[in-house]
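One structure below.
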Amino acid sequence: FETEDILYLLPLVTLCNGVAPFLVVASIGAPLFAIWVLVEYRRVQRRLQSTTGQPTSGLA
-16 FETEDILYLL PLVTLCNGVA PFLVVASIGA PLFAIWVLVE YRRVQRRLQS
34 TTGQPTSGLA
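As structure tokens, this is what we get:
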């Protein structure tokens, strides 16, 4: 599955009058996902820094 696949649910959510609960779940889930991505990014940065011995700039 891709992240964009959630868009296929929008017509079904709209037809089932579930827009309000969907928005509530999205407003809770999106920040949690952002925190998870940040934690994973930091973890990878620390792992790379420990193997190379050099600080990472965070810029690709």
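Numbered according to our numbering, the sequence shown terminates at residue 43, and the numbering increases by one at each position without gaps. In this text, a Cβ means the ideal position worked out from N, Cα and C, and glycines have one as well. On a predicted model such as this, the values are computed, not experimentally measured, just so you know.
With a Cβ-Cβ cutoff of 8 Å, do V2 and V(-4) count as a contact? Going by C-beta atoms, V2 is nearer than 8 Å to V(-4).
From the DSSP output, in three-state form, read off F16 for me. If DSSP states are grouped into helix, strand and coil, F16 belongs with the helices.
Return helix, strand or coil for F(-16), following the three-state DSSP convention. The answer is coil: DSSP assigns F(-16) none of H, G, I, E or B.
Counting only the same chain and skipping the five closest in sequence on each side, list residues whose C-beta sits under 6 Å from that of R29. Excluding residues within five positions, none has a Cβ falling inside 6 Å.
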